[in-house]
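S.K.:
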Amino acid sequence: SQQGEEDPQALSIQEGENATMNCSYKTSINNLQWYRQNSGRGLVHLILIRSNEREKHSGRLRVTLDTSKKSSSLLITASRAADTASYFCATAWPRDDKIIFGKGTRLHILP
Amino acid sequence: DGGITQSPKYLFRKEGQNVTLSCEQNLNHDAMYWYRQDPGQGLRLIYYSQIVNDFQKGDIAEGYSVSREKKESFPLTVTSAQKNPTAFYLCATSLSGTSGIAYEQYFGPGTRLTVT
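Chains A and B, in that order, give the protein sequences. All residue numbers for the first sequence refer to our numbering, where the first residue is 1 and numbers rise by one. All residue numbers for the second sequence refer to our numbering, where the first residue is 1001 and numbers rise by one.
(1) Quick test of your reading: Ser-1049 (chain B) and Phe-1012 (chain B), contact by CB under 8 Å. State the CB separation rounded to the nearest angstrom.
(2) Hey, does Ala-1061 (chain B) have any beta-carbon neighbour from chain A nearer than 8 Å?
(3) In whole angstroms, give me the CA-to-CA distance for Val-1115 (chain B) and Tyr-1035 (chain B).
(4) With distance defined between alpha-carbon atoms, name the residue in A:Ala-78, A:Asn-31 and A:Arg-41 nearest to Ile-47 (chain A).
(5) Check whether chain B comes within 8 Å of Leu-65 (chain A), counting only Cβ atoms and requiring the distance to be less than that.
(6) Is the beta carbon of Gly-1003 (chain B) closer than 8 Å to that of Leu-1021 (chain B)?
(7) Determine, using beta carbons only, whether Glu-1104 (chain B) comes closer than 8 Å to chain A.
(8) May I have the straight-line CA-CA distance separating Gln-1017 (chain B) from Tyr-1103 (chain B), to the nearest angstrom?
(9) Does the beta carbon of Ile-99 (chain A) sit closer than 8 Å to a beta carbon anywhere in chain B?
(10) So with Cβ pairs under 8 Å, would you call Asn-22 (chain A) a contact of chain B?
(11) Return the chain-ordered list of same chain residues with a C-beta closer than 8 Å to the C-beta of Glu-53 (chain A), the five sequence neighbours on each side being excluded.
(12) Which residues mark the beginning and the end of the beta strand (DSSP E) in which Thr-1116 (chain B) is found?
(13) Listed in chain order, which residues of the segment 1012-1031 of chain B have Cβ atoms closer than 9 Å to some Cβ of chain A?
(14) Classify Glu-1069 (chain B) as buried or exposed, calling it buried when 16 or more other Cβ atoms lie within 10 Å of its own Cβ.
(15) Per DSSP, which one or two residues make a beta bridge with Ala-1087 (chain B)?
(16) Mind checking if His-45 (chain A) is an interface residue toward chain B, Cβ cutoff 8 Å exclusive?
(17) Measuring straight from C-alpha to C-alpha, what distance separates Asp-1001 (chain B) and Ser-28 (chain A)?
(18) Three Cβ pairs or more, each shorter than 8 Å: is that satisfied between the segment 92-110 of chain A and the segment 1-17 of chain A?
(19) Hey, how far is the Cα of Arg-95 (chain A) from the Cα of Ser-79 (chain A)?
(20) Name, going along the chain, the residues of the segment 52-78 of chain A whose beta-carbon falls closer than 8 Å to a beta-carbon of chain B.
(21) What's the C-alpha gap between Glu-1062 (chain B) and Ser-1080 (chain B)?
(22) Would you say Arg-36 (chain A) faces chain B, with C-beta separation under 8 Å as the test?
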């Protein structure tokens, strides 16, 4: 399956610390996307990184992609209580407009 | 969630009844998607549509049906043939259309369906 697999499944850290989540996948991709979901809400797109890119930044978010290892990481720096959410990676096959979601990492920021 | 509305937010139905979930968008996006999310799980694709009057089955289409008569609307019907319909249903849109490239998706707020 093309499905990305996030690691860890759950993560609790103190406010102000950095949070790192990882995503591994099995076959070649066109791009990889990260989304956030607050409890009971729809998903919000965070970052899309293409297969020829190695790193992208957006505010406190940093995403890396290593196609040789078939893995990506999402780093949230200086975490805040509002970052408490589930984070999903989604992989896109070449020449396909669908994306496949992993099961997500549940992040809990402790006050 | 902006630009995509799903109604209602909560829906309760008796087993054996068909139910239709609404999804409307004003983003002028070609592609629309329906996903199902079960507790603690990721999203699974039910159906998607790249263009008006056309749609394809996703990974778990059995027991569901859709239509795409207008660009703005992509209703999902959960039929009595769906064995475990209780779930959180999410509608999404993207620019992808028939480009063969997966762009970012924009999600509605979701409908929580409970069937008893």
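Even for Gly, the Cβ is constructed at its ideal location relative to N, Cα and C.
M.R.: Judging by the given coordinates:
(1) Taking the first residue of the second sequence as position 1, residue 1049 (chain B) is located at position 49. Taking the first residue of the second sequence as position 1, residue 1012 (chain B) is located at position 12. Contact doesn't hold; Cβ gap of about 27 Å is too wide.
(2) Taking the second sequence and counting its residues from 1, the one referred to as residue 1061 (chain B) is at position 61. For Ala-1061 (chain B), the answer is no, since every Cβ of chain A falls outside 8 Å of its Cβ.
(3) Locating residue 1115 (chain B) in the second sequence gives position 115, where the first residue counts as 1. Locating residue 1035 (chain B) in the second sequence gives position 35, where the first residue counts as 1. Distance between the alpha carbons of Val-1115 (chain B) and Tyr-1035 (chain B): 17 Å.
(4) One-based indexing of the first sequence puts residue 47 (chain A) at position 47. The option with the nearest alpha carbon to Ile-47 (chain A) is A:Asn-31.
(5) Counting from 1 along the first sequence, the entry for residue 65 (chain A) is found at position 65. Chain B contact via Cβ: absent.
(6) Locating residue 1021 (chain B) in the second sequence gives position 21, where the first residue counts as 1. Locating residue 1003 (chain B) in the second sequence gives position 3, where the first residue counts as 1. Result no, Cβ atoms of Leu-1021 (chain B) and Gly-1003 (chain B) do not sit closer than 8 Å.
(7) The sequence position of residue 1104 (chain B) within the second sequence is 104, counting from 1. True, the Cβ-Cβ gap to chain A drops below 8 Å.
(8) Taking the first residue of the second sequence as position 1, residue 1017 (chain B) is located at position 17. Taking the first residue of the second sequence as position 1, residue 1103 (chain B) is located at position 103. The alpha-carbon atoms of Gln-1017 (chain B) and Tyr-1103 (chain B) are separated by roughly 36 Å.
(9) The residue labelled residue 99 (chain A) in the question sits at position 99 within the first sequence. Answer yes: the Cβ-Cβ gap between Ile-99 (chain A) and chain B drops below 8 Å somewhere.
(10) In the first sequence, counting from the first residue as 1, residue 22 (chain A) sits at position 22. It does not; no Cβ of chain B falls within 8 Å.
(11) The residue labelled residue 53 (chain A) in the question sits at position 53 within the first sequence. Excluding positions up to five away in sequence, the list reads Leu-65.
(12) Your numbering for residue 1116 (chain B) matches position 116 in the second sequence. First-last for Thr-1116 (chain B): undefined, no H or E at that position.
(13) Ala-1031
(14) As a position in the second sequence, residue 1069 (chain B) is number 69, starting the count at 1. With fewer than 16 Cβ atoms within 10 Å of its Cβ, Glu-1069 (chain B) is classed as exposed.
(15) Counting from one through the second sequence, the residue named residue 1087 (chain B) turns up at place 87. Looking at the DSSP assignment, Ala-1087 (chain B) forms a beta bridge with B:Leu-1113.
(16) The residue given as residue 45 (chain A) occupies position 45 in the first sequence. So yes, His-45 (chain A) belongs to the interface.
(17) Taking the second sequence and counting its residues from 1, one reaches residue 1001 (chain B) at position 1. Taking the first sequence and counting its residues from 1, one reaches residue 28 (chain A) at position 28. Confidence at Asp-1001 (chain B) is low in this model, with a pLDDT of 47, below 50, so its placement is unreliable and the value that follows should be read with caution. Roughly 30 Å between the two C-alpha positions.
(18) yes
(19) Within the first sequence, numbered from 1, the residue matching residue 95 (chain A) stands at position 95. Within the first sequence, numbered from 1, the residue matching residue 79 (chain A) stands at position 79. So the alpha carbons of these two residues sit roughly 36 Å apart.
(20) none
(21) As a working note, residue 1062 (chain B) is residue 62 in the second sequence. As a working note, residue 1080 (chain B) is residue 80 in the second sequence. In a straight line, the C-alpha of Glu-1062 (chain B) is about 11 Å away from that of Ser-1080 (chain B).
(22) Indexing the first sequence from 1 puts residue 36 (chain A) at position 36. No, no contact with chain B.
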